[in-house]
Amino acid sequence: MTTTLPAARPAAGTARRPVLRRRDTATAYGFLSLPLVLFLVFLALPLLVTLTLSLFSWDTFSPPRFIGLANYREMLHDADVGQAFLNTLLFTIVTAVLHLILAVILALAINRAVSRVLRYFLRTAYFFPLLVSAGAASLIWLYMADPSFGFLNYYLGKLGWHHPPNWLLDQHTALPVLIAFDVWRTLGFTMVIVLAGLQAIPKSLYEAARVDGANGWHQFRHVTIPMLSPTLLFASITSFVGAFQIFDPMYIMTQGGPGNSTLSVVMEIYNAAFRDFRIGYGSAIAVAVAVVIMIVSFVQLFLSRYWVTYERS
Amino acid sequence: MSAPDTARPRRRRRRAPVGWWIANAVLVLGGFVMLAPFLWAVSAALQPSGEAFALPPNWIPRHLTLDNAKQVFDFIPFGVQALNSIVVTTLIVVGSLAISCLAAYPLARLEFRGRDAIFGVLLASLMVPTQVTVIPVYLMLRYLHLIDSRAGLVLPALIQVLGIFLLRQHFRSVPRELSEAALIDGAGHLRILFRVVMPSAGPTLSALAIFTAQQYWNDFFWPNVLLTSPDKLTLPVGVYSLQNLYGTGSPTAIFAAVSMIVVPLLILFALTQRKLTEGMALVGANR
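Here the protein sequences line up with chains A and B, keeping their order. For any residue, its number in the numbering used here is found by taking its place in the first sequence, counting from 1, and adding 447. For any residue, its number in the numbering used here is found by taking its place in the second sequence, counting from 1, and adding 244.
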């Protein structure tokens, strides 16, 4: 990535460049010193340490013991970890799909909403849950879904469903409730991104399609979706990576239960390291999680060439 | 949406008003459903504990009371915790923006050995999810005696690679002639950073600020792991601790605490909505 001085520069400018480069190195590292130190201390080094720790058994009281790949072997047989991965994968896939579908529908609707006031209200309503911490929002939902405190089952009863489950205490419904919670809370973010992508589509493309005789649906399929595909890819990857790291709602609402049905992988890391004092094991789980996330992200990026169209300039 | 149709080239341009109004009505209803949990929480917080959880809920309170809010202050140092949240978030935002600018400037504007390698490593780190570093960072903070301290919350958050990336993109777009002119005039690079390159970075900086603020204001995991004294806690964990203190019985105090966080946020958001959502879209679109 070399830069060239503008051609109009006199020779004096070119003669100065080698000197600049030497001076620049010192200056550059001067600027970079603090950021790089922080990066090394809080990102690079910890990454290496986690990898290393995963090969040890350590409870922070006695000295660490090298055990090689034993943590990983244990992980493969650990039913809880397996359940956590399953739960998290299910959670992630369902929320990602829901995010994409709902965000597109919402963005389309908001884009053509009747009035500014309406648009303003819709944007506020759908985006606001994102601003409230998962902690506060989870507590509200915790009581909302409770049969004796909350109105959820009450209104369901009015609609005809007379014995709705105790949502968060039933192992078949706990995870779906958490899925609903996450979509409710973070849909705004996906929607805003899709909306921005939607508004970036040149109107001329729609005009051209209309002239060619395309109706609404055709326009959607052949103009909107392709032009939106990079945005959708980004939303999909972000959704996935974010959902895979879900922790707060599970911790606050169900603590992983009932019966491990809402156990997430990050909860397992937390449990192993901060509850059971098994640093090595927790690190091994963390490594496994990172590997899974990176593999899936790469797969998504790889597959994207088949359905994502980028603008030809 | 109508069925795919190619046999009818001429189609009414304008959408049928009725269909559109229905769609809009459904959306507005959806909007209220989205806000319903908050409306319920605020309304319950203002009611005496006997009535707060009546079924059907009294969406409009019959009797107003501020007792629940007062109770919050009895259980937890809410004011201090709010202050902690504000201070920690501000420090993180300001600090991380400064660090990101410092890092972005040489990466964008200077030529030096190792530049591409460093940038490559930074970029690669974006792919690494955060939990991989949680355990060692915690151990490190413990070693530095920063457990149960606000500094322990702020320090690891100062390095925001996304911020470095976005600012670098922006800094690259500032014309070379400007900084070269400044160099000729004898300006040092720090001054160039401040006077030449940063002034135009307003939108990017504020978008980043908003994005980072939202992330760390709401952070639950780290304060939960790191902080133990009630008067060091930040709001998310403080409110959660009410749950443990209060346990069974009418959780009106919890709802009061939640409302005291939610209502100011709602007002703030309503006022700055456009800027906020555009800011977050800017960050998202640039990744």
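For every residue, glycine included, the Cβ atom is placed at its ideal position computed from N, Cα and C.
Where residue i falls, given that 16 or more other Cβ within 10 Å makes a residue buried
i                 : result
Tyr387 of chain B : exposed
Glu715 of chain A : buried
His609 of chain A : exposed
Thr451 of chain A : Here Thr451 of chain A scores only 45 on pLDDT, less than 50, and its place in the model should not be relied on; the value that follows carries that caveat. That one is exposed.
Asn488 of chain B : exposed
Ile511 of chain B : exposed
Arg456 of chain A : Residue placement at Arg456 of chain A cannot be trusted, given a pLDDT of 43 that sits under 50; what the coordinates show is reported in the next sentence. Exposed: under 16 other Cβ atoms inside 10 Å.
Ala473 of chain A : exposed
Ala251 of chain B : A caution first: Ala251 of chain B carries a pLDDT of 46, below 50, which makes its placement in the model unreliable, though a value can still be read off. Exposed.
Trp466 of chain B : buried
Thr685 of chain A : buried
Asp762 of chain A : A question about residue 762 of chain A goes unanswered here, because the residues of chain A that appear run from 448 up to 760.
Tyr757 of chain A : exposed
Ser760 of chain A : Confidence in Ser760 of chain A is poor, its pLDDT being 41 and thus under 50, which makes the residue's placement unreliable; the coordinate value appears in the next sentence. Answer is exposed; the Cβ neighbour count stays below 16.
Ala451 of chain B : buried
His546 of chain A : buried
Pro419 of chain B : exposed
Met700 of chain A : buried
Ser344 of chain B : buried
Thr472 of chain B : exposed
Gln692 of chain A : buried
Thr535 of chain A : buried
Leu367 of chain B : exposed
Gly477 of chain A : exposed
Ala581 of chain A : buried
Thr456 of chain B : buried
CB-CB length for residue i against residue j, believed under 8 Å
i                 : j                 : result
Pro292 of chain B : Asp311 of chain B : 7 Å
Ile740 of chain A : Val688 of chain A : 6 Å
Ser730 of chain A : Ile379 of chain B : 6 Å
Ala531 of chain A : Ser711 of chain A : 6 Å
Leu283 of chain B : Ala572 of chain A : Rounded, the Cβ-Cβ distance is 11 Å, inconsistent with contact.
Val755 of chain A : Leu680 of chain A : 5 Å
Gly727 of chain A : Ser504 of chain A : 5 Å
Asp392 of chain B : Lys476 of chain B : 6 Å
Tyr382 of chain B : Val469 of chain B : 6 Å
Phe363 of chain B : Leu351 of chain B : 5 Å
Within chain A, partners of residue i - CB distance below 9 Å
i                 : result
His433 of chain B : Asp471, Thr474, Ala475, Gly477 and Phe478
Gln487 of chain B : Leu586, Leu589 and Ile699
Gly294 of chain B : Correct list: empty, because the minimum Cβ distance to chain A is about 13 Å.
Ser369 of chain B : Phe486, Leu490, Ala491 and Leu494
Within chain A, the residues that residue i reaches when beta carbons sit closer than 8 Å
i                 : result
Thr374 of chain B : Gln692
Leu393 of chain B : In the sequence on display, residue 393 of chain B carries Ser and not Leu. Simply none; closest approach about 15 Å.
Leu308 of chain B : Those within 8 Å of Leu308 of chain B in chain A number zero; the least Cβ separation is about 20 Å.
Met442 of chain B : Result: empty, since nearest Cβ-Cβ is about 13 Å, beyond 8 Å.
Ile505 of chain B : Val579, Ser580 and Ala583
Ala514 of chain B : Thr571
Gly364 of chain B : Simply none; closest approach about 11 Å.
Neighbour list for residue i in chain B, Cβ cutoff strictly below 7 Å
i                 : result
Thr497 of chain A : Val376, Thr377, Ile379 and Pro380
Trp425 of chain A : The question about residue 425 of chain A has no answer here: the residues shown for chain A are numbered 448 through 760.
Val688 of chain A : Pro373
Val713 of chain A : Gln375
Per-residue contacts from residue i into chain B (C-beta, under 8 Å)
i                 : result
Pro482 of chain A : Ile343, Ser344, Leu346, Ala347, Ile403 and Ile408
Leu500 of chain A : Ile379 and Pro380
Ile716 of chain A : Gln375, Val378 and Ile379
Asp629 of chain A : Going along chain B, no residue has its Cβ under 8 Å from Asp629 of chain A, so there is no contact; the nearest lies around 13 Å.
Asp506 of chain A : Neighbours of Asp506 of chain A on chain B: none; closest Cβ ~12 Å, over 8 Å.
Contacts that residue i makes with chain A (C-beta to C-beta distance below 7 Å)
i                 : result
Gly396 of chain B : Simply none; closest approach about 11 Å.
Ile498 of chain B : Leu586
Leu509 of chain B : Leu578 and Val579
Leu271 of chain B : Ala556 and Leu569
Cross-chain neighbours of residue i in chain B, by beta carbon under 9 Å
i                 : result
Val658 of chain A : Correct list: empty, because the minimum Cβ distance to chain B is about 10 Å.
Would you say the stretch 405–412 of chain B touches the stretch 737–747 of chain A, given that touching needs at least three Cβ pairs under 8 Å? no
Check whether the stretch 513–533 of chain A touches the stretch 387–396 of chain B, counting contact only when three or more Cβ pairs, one atom from each stretch, lie closer than 8 Å. no
Note down, in chain order, all residues in the stretch 458–476 of chain B with a beta-carbon under 9 Å from any beta-carbon belonging to chain A. Gln458, Trp461, Asn462, Asp463, Phe464, Phe465, Asn468 and Val469
If you pair each beta-carbon of the stretch 432–448 of chain B with each one of the stretch 358–377 of chain B, do three or more pairs fall below 8 Å? no
Sufficient close CB pairs (3 or more, under 8 Å) joining the stretch 477–484 of chain B to the stretch 454–466 of chain B: yes
Just checking, does the stretch 367–376 of chain B make contact with the stretch 496–515 of chain B on the three C-beta pairs under 8 Å criterion? no
Using a beta-carbon distance cut-off of less than 7 Å, what residues from the stretch 593–618 of chain A approach chain B? Phe596, Phe598 and Tyr601
Mind listing which residues of the stretch 720–743 of chain A have their C-beta closer than 8 Å to chain B's C-betas, in chain order? Ala720, Phe721, Ile726, Gly729, Ser730, Ala733, Val734, Val736, Ala737, Ile740 and Met741
Compile a chain-ordered list of the residues in the stretch 565–576 of chain A whose CB is closer than 9 Å to at least one CB of chain B. Leu565, Tyr567, Phe568, Leu569, Arg570, Thr571, Ala572, Tyr573, Phe574, Phe575 and Pro576
When you compare the stretch 618–632 of chain A with the stretch 653–665 of chain A, are there three or more beta-carbon pairs, one atom per stretch, that lie closer than 8 Å? no
So if I threshold CB-CB distances at 9 Å, which residues from the stretch 517–548 of chain A count as touching chain B? none
Report yes or no: do three or more beta-carbon pairs, one from the stretch 660–671 of chain A and one from the stretch 491–500 of chain A, lie closer than 8 Å? no
Report the residues of the stretch 279–303 of chain B with a CB closer than 8 Å to any CB of chain A, ordered along the chain. Leu279, Pro281, Phe282, Trp284, Ala285, Phe297, Leu299, Pro300 and Pro301
With three or more beta-carbon pairs closer than 8 Å as the criterion, would you say the stretch 540–557 of chain A touches the stretch 635–645 of chain A? yes
For the stretch 311–330 of chain B, which residues have a beta carbon sitting closer than 7 Å to at least one beta carbon of chain A? none
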